[in-house]
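Enquirer:
Residue numbers (the working numbering): 2 to 233.
1) List the DSSP bridge partners of residue 49.
2) Return yes when the Cβ of residue 116 is within less than 8 Å of the Cβ of residue 122, no when it is not.
3) If you draw a straight line from the C-alpha of residue 190 to the C-alpha of residue 203, how long is it?
4) With distances taken from CA atoms, which of 39, 61, 55, 57 is nearest residue 49?
5) Hey, residue 81 and residue 32: beta-carbon distance below 8 Å or not?
6) Kindly give me the distance between the Cβ atoms of residue 130 and residue 94, rounded to whole angstroms, as I take these residues to be in contact under 8 Å.
7) Counting only runs of 3+ residues fully inside the stretch 185-221, write out the beta strand (DSSP E) ranges in chain order.
8) State the beta-bridge partners of residue 42 as determined by DSSP.
9) Assign residue 103 to buried or exposed, taking buried as 16 or more other Cβ atoms, counted over all protein chains shown, within 10 Å of its Cβ.
10) Once the 5 residues before and after residue 161 are set aside, which same chain residues still bring their CB inside 6 Å of it?
11) For residue 231, list the residues DSSP reports as bridge partners.
12) Could you check what DSSP says for residue 70 in three-state terms: helix, strand or coil?
13) Rounded to the nearest angstrom, what separates residue 53 and residue 46 at their Cα positions?
14) Go ahead and pull the three-state DSSP assignment for residue 156.
15) Suppose the cutoff is 7 Å on Cβ atoms and the five residues either side in sequence are ignored; what does the same chain contact list for residue 200 look like?
16) Please classify residue 213 as buried or exposed, where buried requires at least 16 other C-beta atoms within 10 Å of its C-beta.
17) Do residue 86 and residue 75 have their C-beta atoms closer together than 8 Å?
18) Once you ignore the five residues that flank residue 134 on each side, which residues in its own chain have a CB closer than 7 Å to its CB?
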């Protein structure tokens, strides 16, 4: 039985990646999966209260997280892979530091996100942002991963349910050693699938500069759909 389990686990990574191709757990923006085609995405965003700008119907504007923003839908091979938000209004160095650090704290305190790094992402109060950007070409960025909402119990139950075509509910509720091993294999595969999916659900933001004023750009990225050199 141990041999069966070890052999099966050796194929877990491959199985998980194949499963992701059929059912992807993708980044969401306001509950909308960052996926599909641009026209449909624009309509979904309008349903959330965003409206087209007067100068480009594909660029939207509205309020997000208490700030007036413009929203851009970015595609690769006609599939949406990014929702980009840019502040409509610029501000000075003190205000952009406050806004950047506030966003960091909001993401850190949100249980649906985990930081992309263990390092501190906020900007120190005594740091000269203008100098760092102009002289040292420093980029101020912070990134977080969206966490899959399924907990371990739900994943385990889902793993058992996937074996109903092979076993009865009674057999799954009172499993033999062989069935228990199959359930564990399914669980490990599904758990890895959701863990891997987290790294494809990336949300990040940065400080941008225009005419010596600053604003935030934020990105909700679906890594599955971004360019990976397939057109080269």
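Where a beta carbon is used, it is the ideal one built from N, C-alpha and C, also for glycine. Remember, it's a predicted structure, so these values are computed and weren't measured experimentally.
Expert: Working from what's here:
1) None, per the DSSP bridge assignment.
2) yes
3) 22 Å
4) 61
5) no
6) Correct: roughly 5 Å between the Cβ atoms.
7) If only uninterrupted beta strand (DSSP E) runs of at least 3 residues are considered, those enclosed by the stretch 185-221 are 202-211.
8) Residue 42 is not bridged to any residue.
9) exposed
10) 173, 184
11) According to DSSP, which records beta bridges pairwise, residue 231 is partnered with nothing at all.
12) Residue 70: strand per DSSP, three-state reduction.
13) 10 Å
14) helix
15) 146.
16) exposed
17) no
18) 210
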